[in-house]
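See below for the structure under consideration.
Residue numbers (the numbering used here): 2 to 120.
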């Protein structure tokens with residue numbers, strides 16, 4: 002039970018972090034390589050403090066790690082947290098594929114019936 006609660010908390014943190022477009026863009030930048038907090042905030046004309054707040058949310062979710070190199074705070078993408086969220090989403094992929102297949106079949110039957118009614 003405790004393990005499920007911990008896993009739920011991790012997923013909640015990941016999806017909370019991903020819910021913000023600024024943080025998603027920061028992750029896209031980090032997918033290209035390490036960036037400083039300032040570099041992550043630059044596209045948004047964001048202060049260091051503002052960018053750091055977003056990075057902290059990403060860190061709490063396990064999506065990003067940060068190291069301090071002199072005065073620079075360098076961030077790196079940590080893909081394991083994304084893999085956890087991806088695995089959770091994939092569990093629903095089968096369900097949605099079946100639902101979409103059923104919808105496609107129903108629409109095809111309706112189109113076939115309409116085509117026969119006109120002839």
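C-beta atoms are modelled at their ideal positions from N, C-alpha and C, and glycine is treated no differently.
CB-CB length for residue 18 against residue 64, believed under 8 Å: Within the chain shown, residue 18 is the residue found at index 17, counting from 1. Within the chain shown, residue 64 is the residue found at index 63, counting from 1. Beta-carbon to beta-carbon, residue 18 and residue 64 are separated by about 6 Å, close enough to satisfy the 8 Å threshold.
Whole-angstrom distance between residue 107 and residue 100, CA atom to CA atom: The residue labelled residue 100 in the question sits at position 99 within the chain shown. The residue labelled residue 107 in the question sits at position 106 within the chain shown. Computed Cα separation, rounded: 11 Å.
The stretch 80-100 touching the stretch 37-44, judged by at least three CB pairs closer than 8 Å: Look at the beta carbons and you see the stretch 80-100 not touching the stretch 37-44: under three pairs across the two are nearer than 8 Å.
CA-to-CA distance, residue 27 to residue 50, given in whole angstroms: For the purposes of this step, residue 50 is identified with residue 49 of the chain shown, where counting begins at 1. For the purposes of this step, residue 27 is identified with residue 26 of the chain shown, where counting begins at 1. One C-alpha to the other measures close to 15 Å.
In DSSP terms, what residue 70 is bridged to: Residue mapping note: residue 70 aligns to position 69 of the chain shown, counting from 1. Answer is 73, bridged to residue 70.
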